[in-house]
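Chemist:
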DNA sequence: ATGGTTGTCCTACAA
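Residue numbers (this note's numbering): 905 to 1175.
1) Do you know how far the Cα of residue 1147 is from the Cα of residue 1173?
2) Leaving out five residues before and five after residue 983 in sequence, what residues of the same chain have Cβ atoms less than 6 Å from its Cβ?
3) Going by DSSP, which residues form a beta bridge with residue 1000?
4) With DSSP as the reference, label residue 1136 as helix, strand or coil.
5) If residue 1171 sits next to residue 1138, beta carbons under 8 Å apart, how far is it from one beta carbon to the other, in whole angstroms?
6) Counting C-beta neighbours from all protein chains within 10 Å, is the total for residue 1067 16 or more, i.e. buried, or is it exposed?
7) Classify residue 1051 as buried or exposed, calling it buried when 16 or more other Cβ atoms lie within 10 Å of its own Cβ.
8) My parser needs the alpha helix (DSSP H) runs of 4 or more residues fully inside the segment 1056-1143; what are they?
9) Going by C-alpha distance, which of 1106, 1115, 1097, 914 is nearest residue 1072?
10) In terms of alpha-carbon separation, which member of 1053, 1022, 1133 lies closest to residue 1100?
11) Which stretch, first to last residue, makes up the beta strand (DSSP E) that contains residue 936?
12) Using only alpha-carbon positions, find the residue among 1164, 979, 1081, 1077 that is nearest to residue 1007.
13) Name the DSSP bridge partner or partners of residue 1167?
14) Return the chain-ordered list of same chain residues with a C-beta closer than 7 Å to the C-beta of residue 1069, the five sequence neighbours on each side being excluded.
15) Does the segment 967-975 come close enough to the segment 988-997 to have 3 or more Cβ pairs within less than 8 Å?
16) Give the range of the beta strand (DSSP E) segment to which residue 906 is assigned.
17) Taking only three categories from DSSP, how would you classify residue 924?
18) Would you mind working out which of 1141, 1126, 1149, 1143 sits nearest residue 1155, comparing C-alpha positions?
19) Can you name the residues that DSSP bridges to residue 988?
20) Going by other Cβ atoms of all chains shown within 10 Å of its Cβ, with 16 needed for buried, is residue 905 buried or exposed?
21) Taking just the CA atoms, how far does residue 953 sit from residue 1065?
22) Would you mind reading off the limits of the alpha helix (DSSP H) that contains residue 1045?
23) Does the Cβ of residue 1061 have 16 or more other Cβ atoms within 10 Å, making it buried, or fewer, making it exposed?
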């Protein structure tokens, strides 16, 4: 069975529901993981997704900020929500796929929205950066994020860290910019290694090649200088490494009308 | 150059 799965920080699902519909109609992934939905669950555009054929929906929203969702064409067995750093922020949701979807060996999917961390990369002065670092530490320590043996787990989301030199437009110029500071990149790599995850983008694309999924709104023309960062990630457990058939970043979506600053990132697996 | 833009929801705040 082909399972295509997209992660996309949508920066308000209500404002951009037409862009989401446009994407789903053309790409038709089985599963879409959204971050920064920015609405309470009662305000989520459920009917629109159902009309598009995405009838199975798991929500963890909050008013105005953050918010994650998983919308799916195939049914899931169970849903789980975790909290981090003793906050009620909506930054995680997970589901598992199994018999109901015709999948014999279970698949567990985690969708994350890691704190952005504010502007100043010093945890002593900037509480938001401190929160981000503690959040990453908790991810590393979180036992359910340590798939072992034949466990088939997928972790996606806006992790708000660009871990490698070629995950940013200028390694040198971004070393003191939140998202690419050594303390963050080391903590993200620690989380990856603790779970023995495969970073699908870097498993498929040579380290020497620039790869971005986000371009700031704070420039008149996002294409000038191609000043992007790779903040959105898809990780799979080792048991799924050879199941990966395709990986793509829909860069074009950054040019759509009233776009999100992030673009959809899709993996296709043979499960 | 130390700016710049966007979204939520009403005034700053988070990203």
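Where a beta carbon is used, it is the ideal one built from N, C-alpha and C, also for glycine.
Predicted model only: the values in this text are computed from it and were never measured.
Modeler: Answer, in terms of the structure:
1) Numbered from its first residue, the first chain carries residue 1173 at position 269. Numbered from its first residue, the first chain carries residue 1147 at position 243. Approximately 5 Å between the Cα atoms of the pair.
2) Here the question's residue 983 lines up with position 79 in the first chain. Answer for residue 983: 962, 999, listed in chain order.
3) In the first chain, residue 1000 corresponds to position 96, counting from 1. The bridge partners DSSP lists for residue 1000 are 982, 1012.
4) The sequence position of residue 1136 within the first chain is 232, counting from 1. Strand.
5) What you label residue 1171 is simply residue 267 of the first chain in a count that begins at 1. What you label residue 1138 is simply residue 234 of the first chain in a count that begins at 1. The pair is a contact, with the Cβ atoms about 5 Å apart (cut-off 8 Å).
6) Mapped onto the first chain, residue 1067 falls at position 163. Result: buried.
7) Translated into positions along the first chain, residue 1051 becomes position 147. So residue 1051 counts as buried.
8) 1075-1078, 1086-1098, 1104-1108
9) Counted from its first residue, the first chain places residue 1072 at position 168. Minimum Cα distance to residue 1072 is reached at 1115.
10) On the first chain, residue 1100 is found 196 positions in, with the first residue counted as 1. Among 1053, 1022, 1133, the Cα nearest to that of residue 1100 is on 1053.
11) Taking the first residue of the first chain as 1, we reach residue 936 at position 32. Note, residue 936: beta strand (DSSP E), 935-939.
12) Locating residue 1007 in the first chain gives position 103, counting from the first residue. Of 1164, 979, 1081, 1077, the residue nearest in Cα terms is 979.
13) In the first chain, the residue the question calls residue 1167 occupies position 263. When DSSP reads this structure, residue 1167 sits in no beta bridge, so it has no partner.
14) Position 165 of the first chain, counting from 1, holds the residue named residue 1069. 1075.
15) When Cβ pairs closer than 8 Å are counted between the two stretches, the segment 967-975 is seen to touch the segment 988-997, the count reaching three or more.
16) As a first step, residue 906 is located in the first chain; it is residue number 2 there, counting from the start. Per DSSP, residue 906 belongs to the beta strand (DSSP E) from 906-913.
17) Taking the first chain and counting its residues from 1, one reaches residue 924 at position 20. Under the three-state reduction of DSSP output, residue 924 falls in the helix class.
18) Against the first chain, residue 1155 aligns to sequence position 251. Of the candidates 1141, 1126, 1149, 1143, the one whose C-alpha sits nearest the C-alpha of residue 1155 is 1126.
19) In the first chain, counting from the first residue as 1, residue 988 sits at position 84. Paired residue(s): none; residue 988 is not in a bridge.
20) Taking the first residue of the first chain as 1, we reach residue 905 at position 1. By the 10 Å Cβ count, residue 905 comes out exposed.
21) Position 161 of the first chain holds residue 1065. Position 49 of the first chain holds residue 953. One C-alpha to the other measures close to 29 Å.
22) Reading the first chain from its first residue, position 141 is the one you call residue 1045. Start and end: 1031-1045.
23) Taking the first chain and counting its residues from 1, the one referred to as residue 1061 is at position 157. Buried: at least 16 other Cβ atoms inside 10 Å.
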